[in-house]
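In what follows, a single structure is set out as structure tokens and then discussed.
There are 4 protein chains.
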Amino acid sequence: MGKGRLEAFSDGVIAIIITIMVLELKVPGEHSLASLAPLAPVLLSYVLSFGYVGIYWNNHHHMLSTIHKVSGAVLWANLHLLFWLSLFPFTTAWMGENHFAAVPTAVYGLVLLMAALAYLILQQALIAADGQGSVLRRAVGSDWKGKLSPALYLAGIALTLWRSWAGQVIYVLAALLWLIPDRRIEKVVHD
Amino acid sequence: MGKGRLEAFSDGVIAIIITIMVLELKVPGEHSLASLAPLAPVLLSYVLSFGYVGIYWNNHHHMLSTIHKVSGAVLWANLHLLFWLSLFPFTTAWMGENHFAAVPTAVYGLVLLMAALAYLILQQALIAADGQGSVLRRAVGSDWKGKLSPALYLAGIALTLWRSWAGQVIYVLAALLWLIPDRRIEKVVHD
Amino acid sequence: MGKGRLEAFSDGVIAIIITIMVLELKVPGEHSLASLAPLAPVLLSYVLSFGYVGIYWNNHHHMLSTIHKVSGAVLWANLHLLFWLSLFPFTTAWMGENHFAAVPTAVYGLVLLMAALAYLILQQALIAADGQGSVLRRAVGSDWKGKLSPALYLAGIALTLWRSWAGQVIYVLAALLWLIPDRRIEKVVHD
Amino acid sequence: MGKGRLEAFSDGVIAIIITIMVLELKVPGEHSLASLAPLAPVLLSYVLSFGYVGIYWNNHHHMLSTIHKVSGAVLWANLHLLFWLSLFPFTTAWMGENHFAAVPTAVYGLVLLMAALAYLILQQALIAADGQGSVLRRAVGSDWKGKLSPALYLAGIALTLWRSWAGQVIYVLAALLWLIPDRRIEKVVHD
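Protein chains in written order, with this note's numbering: chain W, 1 to 191; chain S, 1001 to 1191; chain B, 2001 to 2191; chain L, 3001 to 3191.
Right, here's the structure in full:
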């Protein structure tokens, strides 16, 4: 079974998720610059989530580029990942509209955590489908980022019980971790 | 006529359907954990429909993978299927927001039934377009799942007159039926 | 310049247009079967527009399948068509929510008319870009459907001044005209 | 790394942006022709933004057509461009609903400016990824349009402090500048 439609469908869903988040930026009823001020937390929350969805798309793109075969398990593992990503618009809006209060921040982190776990499951399903000598298996290696991220999200969720900004700092750091270019896949492919 | 754009268009519509359903998860006005409780039925309803739309995408993907030619009848049969799928966001939200009351549950089942029939019609149109020796014809075989599903949805709709949870149980069972991997198409292709 | 991205972008926009129309089917506040009754005109209006957008997608698909080159003029003519199609969700909802009153019905017809003219302009731009011996030029021939449709929409708009149902009958007939399979393109291609 | 998914994802996001803008055309509560009048500024604002998003899609399409390789920096520069484009529905609606008042017009110009700068950054990232002898580098040349546009948007923003219509005139002129066909890329490719 080819991977073309899996990529196309995932691109479609991720493109819609990243775009409908902006619908939560509700147009103010008046036209003063001051009327934009209450939107600042919603915009900040949107920027963070836009970054996260962008990271997932980039990583998905990278991961699939090394793969030749997909299985039924891969299709379901991919849908499972898309499910958790589809909850980003909800948690993004809830966190932004409530000015980064503790509970919405913790729930935001919970969805980040579930998406990270779903990504790891998809990675395993792809390696299993790809068979012996999988380029992805070698490329992933010890995968410290993939394993560190869920731990960071857990830490972020726990920290919101103390101070919600501490949780947000952790989420931002976890995102920046992924912005550092990952040379593993290119390296293994080029060897 | 190639099948590429048929797949691309269907992927686009299905990706949008699966994603706009999440817009019915309305962001609560306050930030307590308790304010999420009323969303539980809407979320459950969303999970069920996400699963169903995912099943349709998977099956559509599988079915089209065996096909080389599409006809005008196939294009219309495909649009007919997409029409019924496009009503999922409406019935999902109505059922969820009304806490799985009997009438919305029955209407939800009716749309499931119509989509299942539309899928069978598309299958026939594809077999007809594919001509003699169609791989799909052999792969589909007696197609007990395709024929059992509409009967299950009918039973589910009828049971909502007695107890609405009984209808929901049937819908969930019918979905699980499709999660069991279907080896027919791979088997015939690999023979 | 390849036609691949033109097709992909058009498929995306048309897929979104056909799907967001369903958002106008507002979920009723209660769960009786009677609460669905007021939605009947909105649903009917949606069915008509779903058919029209499906027809445009089918015809677009057909027309592009004969083409090898696209020009800058084609890109703009295509965007112009997509602009008029993007107004369908608005006119569909306005006509449906107002129970097919005269003014919204006339405006609905006006957008149909503009889309039909935009389609003819795109056809001309494609023929011009395709050069001498264009398959599309021969396939289109006298193009009685493409020329009859705008006349029908004009007649429909005029008839709404008398009775709005008369306009709707014309719009339905004009849609049915396109459902009759068009063998011209296949015929010329196969000669 | 191939450019196929980058194009597909960008097409998806741009297609959604161009289409959800139309959701701001709120369906009037009544069915008189007069009830459409208050929508005129929203529609005008939509037409301008539809044109701009169409221009970005066309230019993106052109620019990518000359490119063979994409890098990690290109993926992020592309997401950065999509971020600013994703704010168009917000600024379009705000400007339209407030009848082109000064502040929303200036903010609209600010988002135009940021998108134009993001486009220039993407262009540089593509040239850097494409290596020596990049067709794009030669095609872009002195790129007077790309450099003039941000200056025009800045001028437009400044002029809104005097008269908001003056800013809008500048935005329209800057759009028309791009409608004039750009032969640079075709010319270099054909040399």
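Glycine is no exception: its CB is placed at the ideal position from the N, C-alpha and C atoms.
Predicted model, so just to flag it, every value in this text is computed and none were measured.
Would a check of beta-carbon distances place residue i closer than 8 Å to chain W?
i       : result
L/F3050 : no
L/P3089 : yes
S/G1146 : no
L/I3020 : yes
Taking CB distances under 8 Å as the criterion, tell me whether residue i reaches chain L.
i       : result
W/I16   : yes
B/S2086 : yes
B/A2158 : no
B/P2104 : yes
B/A2125 : no
Mind reading off the beta-carbon distance from residue i to residue j? Whole number of angstroms is fine, and I expect it under 8 Å.
i       : j       : result
W/H31   : L/V3169 : With 8 Å as the limit, W/H31 and L/V3169 do not qualify as a contact, their Cβ atoms being about 19 Å apart.
L/L3025 : L/I3067 : Going by Cβ atoms, the distance from L/L3025 to L/I3067 rounds to 36 Å, so no, they are not a contact pair.
S/S1035 : S/P1028 : 4 Å
L/L3177 : L/K3145 : 6 Å
B/A2073 : B/A2129 : 7 Å
S/L1117 : S/S1010 : Contact doesn't hold; Cβ gap of about 17 Å is too wide.
Could you tell me which chain B residues have their CB closer than 7 Å to the CB of residue i, listed as they occur along the chain?
i       : result
S/A1008 : A2008, D2011
Can you tell which of the options has the C-alpha that lies nearest to the C-alpha of residue i?
i       : options                            : result
L/A3151 : L/I3020, L/L3120, L/V3053          : L/L3120
B/V2140 : B/K2026, B/N2059, B/H2099, B/L2036 : B/N2059
L/L3113 : L/F3009, L/F3090, L/A3174          : L/A3174
S/V1070 : S/I1055, S/L1006, S/W1057          : S/L1006
S/W1094 : B/G2131, B/L2023, B/N2098, B/L2179 : B/L2023
S/H1061 : S/Q1123, S/Y1108, S/S1049          : S/Q1123
L/L3018 : L/L3039, L/I3055, L/K3003, L/A3037 : Correcting the residue identity first, residue 3018 of chain L is Ile in this sequence and not Leu. For L/I3018, the nearest C-alpha among the options comes from L/I3055.
B/M2063 : B/L2087, B/A2015, B/L2126, B/A2101 : B/L2126
B/G2051 : S/A1077, S/D1011, S/T1092          : S/A1077
B/L2179 : B/M2021, B/I2014, B/G2167, B/W2057 : B/W2057
B/H2080 : L/L3079, L/L3048, L/F3100          : L/L3048
S/V1053 : S/V1074, S/F1090, S/I1014          : S/I1014
W/V255  : W/D11, W/A155, W/G12, W/L33        : No information on residue 255 of chain W is available, as it lies outside the stretch 1 to 191 that chain W covers here.
S/T1091 : S/A1166, S/A1008, S/I1020          : S/I1020
S/S1164 : S/V1172, S/F1088, S/A1101          : S/A1101
W/H99   : W/A115, W/S45, W/K3, W/S134        : W/S45
B/T2105 : B/S2086, B/W2084, B/W2162, B/G2004 : B/W2162
W/L110  : W/L39, W/G96, W/E97, W/W84         : W/W84
L/K3003 : L/S3065, L/L3033, L/I3016          : L/S3065
For chain S, is any of its Cβ atoms less than 8 Å away from the one on residue i?
i       : result
B/L2023 : yes
W/I67   : no
W/H163  : The question names His, but residue 163 of chain W is Arg in the sequence shown. Chain S contact via Cβ: absent.
W/R138  : no
W/A166  : no
Just checking: is the beta-carbon of residue i within a distance shorter than 8 Å of some beta-carbon in chain B?
i       : result
S/W1094 : yes
L/G3109 : no
S/A1101 : yes
So residue i contacts chain B; which residues on that side make the cut at Cβ distance below 8 Å?
i       : result
S/N1098 : E2030, H2031
S/I1180 : Those within 8 Å of S/I1180 in chain B number zero; the least Cβ separation is about 30 Å.
Quick one: which chain S residues come within Cβ less than 9 Å of residue i?
i       : result
B/N2058 : G1072, L1075, W1076, L1079
W/L121  : For clarity, residue 121 of chain W is Ile in the given sequence; the question names Leu instead. By Cβ distance, chain S contributes nothing, its closest Cβ being about 15 Å from W/I121, past 9 Å.
Quick one: which chain W residues come within Cβ less than 8 Å of residue i?
i       : result
L/A3129 : The premise fails here: L/A3129 is roughly 13 Å from chain W at the closest Cβ pair, so nothing lies under 8 Å.
Beta carbon of residue i: closer than 7 Å to some heavy atom of the ligand FAD?
i       : result
S/H1062 : The ligand FAD is not among the ligands present in this structure, which contains no ligands whatsoever.
* Asked: Looking at chain L, which residues of the region 27-38 of chain W have a Cβ within less than 8 Å of any of its Cβ atoms?
  -> V27, P28, E30, H31, S32, L33, L36
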